[in-house]
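Undergrad: Numbering (the working numbering), first residue to last: 40 to 440. Quick reminder that beta carbons are idealized off the backbone N, C-alpha and C, glycines included. Given the structure is predicted, the values throughout are model-derived calculations rather than measurements.
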Amino acid sequence: MAKPKLLSLDAFAKTADDVKVKTTSGGVITLICLIVTLILVTNEYFDYQTVVIRPELVVDRDHAKKLDISLNVTFHHIPCELLTMDVMDITGDLQIDLLMSGFQKTRVVDGLAKETSELRVNEYKQENSKLTNSNNPYYCGSCYGALNQKDNENKPFDEKLCCNTCESVKKAYAKAGWAFYDGRNIEQCENEGYVQLVSEMINEGCRVSGTAQINRVSGNLHFAPGSSLTSGSRHIHDLSLFEKYPDKFNFDHTVHHISFGKTIDNQEMSTHPLDGYEAATGNKNHLYSYFLKVVATRYESLSGLTWDTNQFSATYHDRPLEGGRDSDHPNTLHASGGIPGAFFHFEISPLKIINREQYSKTRSAFALGVSASVAGVLTLGSVLDKTIWTADQILRQKKDL
Ligand SMILES: *[C@@H]1O[C@H](CO)[C@@H](O)[C@H](O)[C@H]1NC(C)=O
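1) Using a Cβ-based criterion (distance less than 6 angstroms to any ligand heavy atom), does asparagine 254 qualify as near ligand 1?
2) Should lysine 189 be labelled buried (16 or more other beta-carbon atoms within 10 Å of its own) or exposed?
3) Consult DSSP for arginine 435 and reduce its assignment to one of helix, strand or coil.
4) From which residue to which residue does the alpha helix (DSSP H) around tyrosine 183 run?
5) Quick check on glutamate 162: does DSSP put it in helix, strand or coil?
6) Within the present structure, is the beta-carbon of asparagine 289 separated from the nearest heavy atom of ligand 1 by less than 6 angstroms?
7) Can you list, in chain order, the residues of its chain whose CB lies under 6 angstroms from that of glutamate 95, leaving out five sequence neighbours each side?
8) What residues sit near ligand 1, counting only those whose C-beta is closer than 5 angstroms to one of its heavy atoms, in chain order?
9) Judging by CA-CA distance, which residue of His311, Phe382, Ile303, Val334 is the nearest neighbour of tryptophan 346?
10) If you follow the alpha helix (DSSP H) that glycine 66 is part of, which residue opens it and which one closes it?
11) Determine the DSSP secondary structure at arginine 402, reduced to helix, strand or coil.
12) In the DSSP output, what is tryptophan 346 paired with across the bridge?
13) Within the same chain, show all residues whose beta-carbon is closer than 7 angstroms to that of phenylalanine 405, passing over the 5 residues directly before and after it, in chain order.
14) Which full runs of the beta strand (DSSP E) of 3+ residues lie inside the region 247-308, going along the chain?
15) If you drop the 5 nearest sequence neighbours on each side, which residues of the same chain put their C-beta closer than 7 angstroms to that of leucine 236?
16) I need the straight-line Cα distance from asparagine 187 to serine 181, nearest angstrom please.
17) Do glycine 258 and histidine 116 have their CB atoms nearer than 7 angstroms?
18) Whose C-alpha, out of Tyr177, Leu280, Glu239, Gly184, is nearest the C-alpha of glycine 222?
19) Tell me leucine 236's beta-bridge partners as DSSP assigns them.
20) Inspect the beta-carbon positions of aspartate 277 and phenylalanine 219 and report whether they are closer than 7 angstroms.
21) Quick one, which of Val256, Thr113, Lys199, Asn193 has its alpha-carbon nearest valine 444's?
22) Between which two residues does the alpha helix (DSSP H) containing glutamate 229 stretch?
23) Please report the straight-line C-alpha distance between lysine 209 and glutamate 231, rounded to a whole angstrom.
24) Below 7 angstroms between beta carbons: does that hold for tyrosine 329 and phenylalanine 288?
25) Could you check what DSSP says for threonine 383 in three-state terms: helix, strand or coil?
26) Please say whether serine 266 and alanine 211 have beta carbons closer to each other than 7 angstroms?
27) Ends of the alpha helix (DSSP H) at lysine 214?
28) Go ahead and label alanine 381 buried or exposed: buried means 16 or more other beta carbons lie within 10 angstroms of its beta carbon, across all protein chains shown.
29) Can you list, in chain order, the residues of its chain with a C-beta nearer than 7 angstroms to that of aspartate 101? Leave out the 5 residues immediately preceding and following it.
30) Is serine 328 helix, strand or coil by DSSP?
31) Roughly how many whole angstroms lie between the Cα atoms of glutamate 282 and isoleucine 225?
32) Between which residues of its own chain and valine 112 is the CB-CB distance below 6 angstroms, once the five residues before and five after are set aside?
33) Helix, strand or coil: how does DSSP classify valine 60 here?
34) When you compare each of Val413, Lys425, Thr130, Ala430 to cysteine 72 by their alpha carbons, which one comes out closest?
35) Please classify serine 375: does DSSP put it in a helix, a strand, or coil?
36) Hey, quick one: how far does the beta strand (DSSP E) through isoleucine 108 stretch, first residue to last?
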């Protein structure tokens with residue numbers, strides 16, 4: 040009979056049935072092999088089911104996006120009326136006094152938020168400008184020389200430069216670079232009760248919270264006392280009221296929350312390293328700085344959902360404005376100058392992290408793993424079995440001699 044061609048390809052050479060011998064040791068080894076295989080395959084299966092997060096680093100190509108910032112900070116010893124917050128960035132854009140728009144100030148008295156008198160800055164202003172106008176519809180308040188009102192007499196009413204409210208006098212003063220103090224002896228402010236309000240607030244703190252969008256370039260967001268004025272590259276604050284009371288006001292604060300973009304739950308990677316941070320020195324003329332490095336991050340879940348957010352790292356630094364040596368770190372020599380306040384400097388990383396949820400193994404890797412463990416265990420078992428059988432044979436032959 041002619042041999043079929045494929046016969047020579049058979050990798051599994053068979054032994055004749057009558058040469059096969061069954062032994063007890065063989066049985067035991069088979070059982071062990073079975074158990075070990077089962078354990079390995081189960082492990083393989085759990086591995087296959089495990090979801091892991093694989094990070095990937097790419098260059099961030101979304102150039103026109105804005106950066107969402109959300110923040111909640113309490114200043115314990117500076118009243119809301121005195122606190123201003125500005126955002127400045129390297130494009131030269133300046134978003135002055137954001138507290139007037141996207142953020143809220145809450146008065147904090149003795150550590151408790153005064154919910155009843157939450158100060159949405161504009162509320163106070165509107166109420167009082169109505170008052171002045173209702174008395175005399177043609178009222179045009181003096182700006183006390185801060186604005187040039189000389190030509191007013193020749194102008195129609197609509198074009199006159201007027202300071203009808205305390206707020207507008209304050210703005211005019213800031214524009215002229217004059218010290219405003221607390222509004223005493225300024226008719227508008229006395230009438231509106233501003234002077235009274237400021238003196239009431241002197242022992243209060245202020246909580247600032249809210250969200251805003253800023254340009255996605257390096258810059259800083261800072262809290263400082265008094266109205267701010269920018270002319271050219273100079274940015275100055277009116278410190279008159281802050282300095283009027285030498286033993287009051289300082290920038291001790293607690294950061295409740297600061298984040299850039301959405302919060303993602305279920306992450307062991309926290310995106311809010313500064314939450315709960317307290318900075319307190321009790322020093323009035325002190326500058327607190329935070330340096331934040333923001334990295335765009337995208338999460339892609341197994342089900343195909345994606346979230347874009349930002350992670351950041353933060354370093355903290357504070358120094359007294361007079362500069363000089365630290366008492367506890369004599370080798371540190373601080374720079375001097377600057378204004379009292381809290382600065383959040385941020386830098387934007389050009390890289391983006393993509394965190395992808397994936398099964399740790401593909402289906403074919405799982406199949407491969409399973410067959411590898413089955414085959415491996417069986418091979419080892421047969422080697423072991425052969426060895427034991429051979430040893431047994433030799434021992435028997437020696438006994439028979
Ligand atoms: C800011 O944080 C304080 C303290 O944790 C909290 O009571 C308050 O509700 C927060 N404000 C906002 C707007 O989230």
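TA: This is what the structure gives:
1) For this step, residue 254 is matched to residue 215 along the sequence shown. Closer than 6 angstroms to some heavy atom of ligand 1: that does not describe the Cβ of asparagine 254.
2) As a position in the sequence shown, residue 189 is number 150, starting the count at 1. Residue burial annotation: lysine 189 is exposed, with fewer than 16 other C-beta atoms found within 10 angstroms of its C-beta.
3) On the sequence shown, position 396 is the one that residue 435 refers to. DSSP, read as helix, strand or coil, puts arginine 435 in helix.
4) Translated into the one-based positions of the sequence shown, residue 183 becomes position 144. Segment: none, tyrosine 183 is in no alpha helix (DSSP H) and carries neither H nor E.
5) Your numbering for residue 162 matches position 123 in the sequence shown. Legend: pLDDT at glutamate 162 = 38, less than 50; position of this residue unreliable, no value from coordinates given.
6) Residue numbering aside, residue 289 sits at position 250 when the sequence shown is read from its first letter. It does not: the Cβ of asparagine 289 is nowhere closer than 6 angstroms to a heavy atom of ligand 1.
7) Walking along the sequence shown from the start, residue 95 turns up at place 56. Hits under 6 angstroms: Ile393.
8) Those satisfying the condition are, in chain order, Asn111, Ser248, His295.
9) The count along the sequence shown starts at 1 and reaches residue 346 at position 307. Across the set His311, Phe382, Ile303, Val334, the C-alpha of Ile303 shows the shortest separation from the C-alpha of tryptophan 346.
10) The residue you call residue 66 lines up with position 27 of the sequence shown. It spans 63-88 - the alpha helix (DSSP H) in which glycine 66 sits, taken as one unbroken run.
11) Looking up residue 402 in the sequence shown gives position 363. In the structure shown, arginine 402 sits in a helix (DSSP, three-state: H, G or I).
12) To locate residue 346, count along the sequence shown from 1; it is residue 307. Tyr338.
13) Taking the sequence shown and counting its residues from 1, one reaches residue 405 at position 366. The answer, listed in chain order, is Glu83, Tyr87.
14) Entirely contained in the region 247-308, the beta strand (DSSP E) runs reaching 3 residues are, in chain order, 258-264, 267-270, 273-276, 289-299.
15) Taking the sequence shown and counting its residues from 1, the one referred to as residue 236 is at position 197. Excluding residues within five positions, the ones whose Cβ falls inside 7 angstroms are Glu120.
16) The count along the sequence shown starts at 1 and reaches residue 187 at position 148. The count along the sequence shown starts at 1 and reaches residue 181 at position 142. Rounded to whole angstroms, asparagine 187 and serine 181 show a C-alpha spacing of 10 angstroms.
17) Counting from one through the sequence shown, the residue named residue 258 turns up at place 219. Counting from one through the sequence shown, the residue named residue 116 turns up at place 77. With respect to the 7 angstroms criterion, glycine 258 and histidine 116 are not classified as neighbours on the basis of their beta carbons.
18) Residue numbering aside, residue 222 sits at position 183 when the sequence shown is read from its first letter. Glycine 222 has its Cα closest to that of Leu280, out of Tyr177, Leu280, Glu239, Gly184.
19) Your numbering for residue 236 matches position 197 in the sequence shown. BP columns for leucine 236 are empty, so no partner.
20) Indexing the sequence shown from 1 puts residue 277 at position 238. Indexing the sequence shown from 1 puts residue 219 at position 180. Yes, the pair counts as a contact, with Cβ atoms nearer than the cut-off.
21) Residue coverage of the chain in this structure runs from 40 to 440, which leaves residue 444 outside it and unanswerable.
22) The residue labelled residue 229 in the question sits at position 190 within the sequence shown. Here the alpha helix (DSSP H) through glutamate 229 covers 226-231.
23) Translated into positions along the sequence shown, residue 209 becomes position 170. Translated into positions along the sequence shown, residue 231 becomes position 192. Looking at the two C-alpha atoms, the distance is approximately 13 angstroms.
24) As a position in the sequence shown, residue 329 is number 290, starting the count at 1. As a position in the sequence shown, residue 288 is number 249, starting the count at 1. A distance of 7 angstroms or more separates the beta carbons of tyrosine 329 and phenylalanine 288.
25) Sequence index remark: in the sequence shown, residue 383 carries index 344 (1-based). Checking the sequence shown, residue 383 turns out to be phenylalanine, not threonine. Here phenylalanine 383 carries a strand assignment [DSSP, helix/strand/coil].
26) Stepping through the sequence shown from its first residue, residue 211 is reached at position 172. Stepping through the sequence shown from its first residue, residue 266 is reached at position 227. Taking 7 angstroms as the cut-off, the beta carbon of alanine 211 is found no closer than this to the beta carbon of serine 266.
27) Working through the sequence shown from its first residue, we reach residue 214 at position 175. First-last of the alpha helix (DSSP H) with lysine 214: 205-215.
28) Against the sequence shown, residue 381 aligns to sequence position 342. Residue environment analysis places alanine 381 among the buried positions, since at least 16 neighbouring C-beta atoms fall within 10 angstroms of its C-beta.
29) Walking along the sequence shown from the start, residue 101 turns up at place 62. In its own chain, leaving out the 5 sequence neighbours on each side, no residue places its CB closer than 7 angstroms to the CB of aspartate 101.
30) Along the sequence shown, one-based indexing puts residue 328 at 289. Correct three-state label for serine 328: strand.
31) Position 243 of the sequence shown, counting from 1, holds the residue named residue 282. Position 186 of the sequence shown, counting from 1, holds the residue named residue 225. The alpha-carbon atoms of glutamate 282 and isoleucine 225 are separated by roughly 19 angstroms.
32) As a working note, residue 112 is residue 73 in the sequence shown. So the qualifying residues of the chain are Val247, His292, Val294.
33) For the purposes of this step, residue 60 is taken as the residue at position 21 of the sequence shown. Valine 60 falls in the coil class under three-state DSSP.
34) Position 33 of the sequence shown, counting from 1, holds the residue named residue 72. Per the Cα distances, Val413.
35) By one-based count along the sequence shown, residue 375 stands at place 336. If DSSP states are grouped into helix, strand and coil, serine 375 belongs with coil.
36) Translated into positions along the sequence shown, residue 108 becomes position 69. Following the DSSP letters along the chain, one finds isoleucine 108 inside the beta strand (DSSP E) bounded by residues 105-116.
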